[in-house]
Amino acid sequence: MQNANPATKIKEDIVYYLRVNGPSLPVHIAKRVNQSPLFTSAFLSELYREGKIIMSHLKIGSSSLYLLKGQEEQLEKFIEHLNQREREAYNIIKHGKFLKDQNLEPVMRVAIRNIKDFAIPVKIFKEDQPQIIWKYFSIPEAEVENFINPKTEKIIEETKKEIIQNKASIEVTPPSTEIQPNPIPIIPPKIQKVNVEPRNKNNEAISLPFPESKTKETPKTEKPIESEFLNSIKKHLEKRKISISQIVLERKKELTAKVSLNSDFGKQDFFLIAKDKKRIKEEELIDALKQAHAEKMPALLIATGTLEKKAISTYEEWQNLIKFEKLL
């Protein structure tokens, strides 16, 4: 019996290909499933949202690698695509297992944050002060816990051994008629927690970013654009209980934004493309799919007009990744 849903078969083929070949580029996956790179990327985006595959932070050119959970160690085959500083950071974290962020040079702090596939940040508190420790990605949690909180019993036991060794090394002198002073008792060293606060060369306290090192740019204040179309779109969204979380592009006859809809299945995010056009071509539909895929979201296309005949055929094939609504 023929599969009633060709899209499901393609997704199964993608997962099988990744299981056999490990981390792969979209262009190689597209050849295997006999689909265009654009549509393959749309399927990969859907599988990623479903949690069936994962995507690397490491990029080859401008493309990430797609892989299955449990294949993360295979990403080490691609470290040659890291830049020089990132490779240095990779080698340091791999051989050292743990790195204290406060001990890193500024350049290395940036590099370690760029290799998210291999370096995982762990936020801890020492004397109520936040600190960041980086761990090599394959280090188990138990080893991380031992590194952060070494067992006090072990420290005390080692201290006792030192005291016994010190006692054994004391020379025994023959008895003397001279009055000897009372022996000085050996006091075990106190174990003290020291709160090391990162400081710069001028001995000024500095704060550490977590987890990202990128500074958020302050958005420029622009004069709001007013048009009948934009007002109609915003009323339509309000009526559909769709909220705008971020406006990407706003023109008199076009609006691109990230939106969310509260449904019976919970909150759903969409990449909105709204156009004041009587006819939407197939190329515009595919472009909307492409933009949404870049943001790892399904697309929501709203227009004042309708889809052209060729666009309707494409829409019916990909309506699991894009929704179209006519603005009334």
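First residue of the sequence shown: 47, per the working numbering; consecutive thereafter.
Backbone N, C-alpha and C define an ideal beta-carbon position, used for all residues, glycine too.
Do you know how far the Cα of L331 is from the Cα of W364?
-> As a first step, residue 364 must be located in the sequence shown, where it is residue number 318. As a first step, residue 331 must be located in the sequence shown, where it is residue number 285. One C-alpha to the other measures close to 10 angstroms.
When the Cα of E371 is compared with those of F193, S109, L318, E328, which residue comes out closest?
-> On the sequence shown, position 325 is the one that residue 371 refers to. Closest in alpha carbon position to E371, among F193, S109, L318, E328, is L318.
Mapping DSSP to helix, strand and coil, what is F89?
-> As a first step, residue 89 must be located in the sequence shown, where it is residue number 43. Here DSSP, grouped into helix, strand and coil, assigns F89 to helix.
Residue burial classification, H339 (beta-carbon count within 10 angstroms, cutoff 16) = As a working mapping, residue 339 is identified with position 293 in the sequence shown. Counting Cβ neighbours within 10 Å, H339 comes out buried, since at least 16 surround it.
Over what stretch of residues does the alpha helix (DSSP H) that includes F275 continue unbroken?
-> One-based indexing of the sequence shown puts residue 275 at position 229. Here the alpha helix (DSSP H) through F275 covers 274–285.
Where does A345 land, buried or exposed, given buried means 16+ other C-beta within 10 angstroms?
-> Here residue 345 refers to the residue found at position 299 of the sequence shown. Classification of A345: buried, given that the 10 Å Cβ count is 16 or more.
Is there contact here, the region 128–135 with the region 81–98, by at least three beta-carbon pairs under 8 angstroms?
-> Put simply, the region 128–135 does not touch the region 81–98. Fewer than three CB pairs are less than 8 angstroms apart.
Where do the N-terminal and C-terminal ends of the alpha helix (DSSP H) with L64 fall, by residue?
-> Here the question's residue 64 lines up with position 18 in the sequence shown. For L64, the enclosing alpha helix (DSSP H) begins and ends at 52–67.
First through last residue of the beta strand (DSSP E) which encompasses E296 | As a first step, residue 296 must be located in the sequence shown, where it is residue number 250. 288–297 is the span of the beta strand (DSSP E), which, as asked, contains E296.
S306 beta carbon near the ligand FAD (any heavy atom closer than 6 angstroms) | Judged by which ligands are present, the structure shown has none, so any question about the ligand FAD falls away.
CB contact flag (K169, I178, <7 angstroms) = Sequence index remark: in the sequence shown, residue 169 carries index 123 (1-based). Sequence index remark: in the sequence shown, residue 178 carries index 132 (1-based). Closer than 7 angstroms, so yes.
In terms of residues, what are the limits of the alpha helix (DSSP H) holding E330?
-> Stepping through the sequence shown from its first residue, residue 330 is reached at position 284. Where E330 is concerned, the enclosing alpha helix (DSSP H) stretches over 328–340.
Just curious, the alpha helix (DSSP H) that K105 is in, first and last residue?
-> If you number the sequence shown from 1, residue 105 lands on position 59. Not the alpha helix (DSSP H): K105 falls in the beta strand (DSSP E), residues 100–106.
By DSSP, does F164 sit in helix, in strand, or in coil?
-> In the sequence shown, the residue the question calls residue 164 occupies position 118. Of the three classes helix, strand and coil, the one that applies to F164 here is coil, per DSSP.
Could you say which of N308, E300, F316, L64 lies nearest to K324 if we only look at CA atoms?
-> Here residue 324 is taken as the residue at index 278 of the sequence shown, counted from 1. By alpha-carbon distance to K324, the top candidate from N308, E300, F316, L64 is E300.
Taking Cβ positions, are M343 and D322 nearer each other than 7 angstroms?
-> Indexing the sequence shown from 1 puts residue 343 at position 297. Indexing the sequence shown from 1 puts residue 322 at position 276. Going by C-beta atoms, M343 is not nearer than 7 angstroms to D322.
Count the CB pairs spanning the region 350–369 and the region 111–124 that are closer than 8 angstroms, and state whether there are at least three.
-> No: the two stretches stay apart, fewer than three of their Cβ pairs being nearer than 8 angstroms.
Through-space distance from R78 to I60, alpha-carbon basis = Along the sequence shown, read from residue 1 onward, the residue named residue 60 stands at position 14. Along the sequence shown, read from residue 1 onward, the residue named residue 78 stands at position 32. If you draw a straight line from the Cα of I60 to the Cα of R78, it is about 8 angstroms long.
Tell me which same chain residues have a C-beta within less than 6 angstroms of the C-beta of E328, skipping the five on either side of it?
-> Position 282 of the sequence shown, counted from the start, is the residue given in the question as residue 328. Taken in chain order, the residues that qualify are K356, A357, T360.
From the DSSP output, in three-state form, read off K355 for me.
-> Translated into positions along the sequence shown, residue 355 becomes position 309. DSSP, reduced to helix, strand and coil, places K355 within a helical segment of the structure shown.
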